[in-house]
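Numbering (full-length UniProt numbering), first residue to last: 1 to 117. Every residue, glycine too, gets a C-beta built ideally from N, C-alpha and C.
Right, here's the structure in full:
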């Protein structure tokens, strides 16, 4: 997948994160997301990723299974890296600032999925 498509996925995942922040409350701010919070976060990230990926590949379609596998991997990898403290820190921030703050975690999640093909 091209870097342009992956950046789009990251942007949508961040938008999903921004929309979902208010839904996540964790008792331990530095702890990784767990339980229903993690499941909701990953589901939102997958939905955003799928929408972006399908739109980005409209001219050069990718196999649906490839898109689904990548988006599932990306959402899980990002959920592994995001903590309750991250969500608290990002609350109310504009998408561009969220992307800047989360850049390293997004890149790590992206790289882990691109390199696992």
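{"Item": "What residue from 93, 96 and 83 has the CA that sits closest to residue 31's CA?", "Value": "83"}
{"Item": "From which residue to which residue does the alpha helix (DSSP H) around residue 37 run?", "Value": "35-56"}
{"Item": "To which residues does DSSP link residue 83 through a beta bridge?", "Value": "32"}
{"Item": "According to DSSP, is residue 116 helix, strand or coil?", "Value": "coil"}
{"Item": "Return the CA-CA distance between residue 103 and residue 57, expressed in angstroms with no decimal places.", "Value": "23 angstroms"}
{"Item": "Write down the C-beta distance between residue 78 and residue 109 rounded to the nearest angstrom, noting that I regard them as a contact closer than 8 angstroms.", "Value": "4 angstroms"}
{"Item": "Which class does residue 110 belong to by DSSP, given the choice of helix, strand or coil?", "Value": "helix"}
{"Item": "Less than 8 angstroms between the C-beta atoms of residue 101 and residue 87, yes or no?", "Value": "no"}
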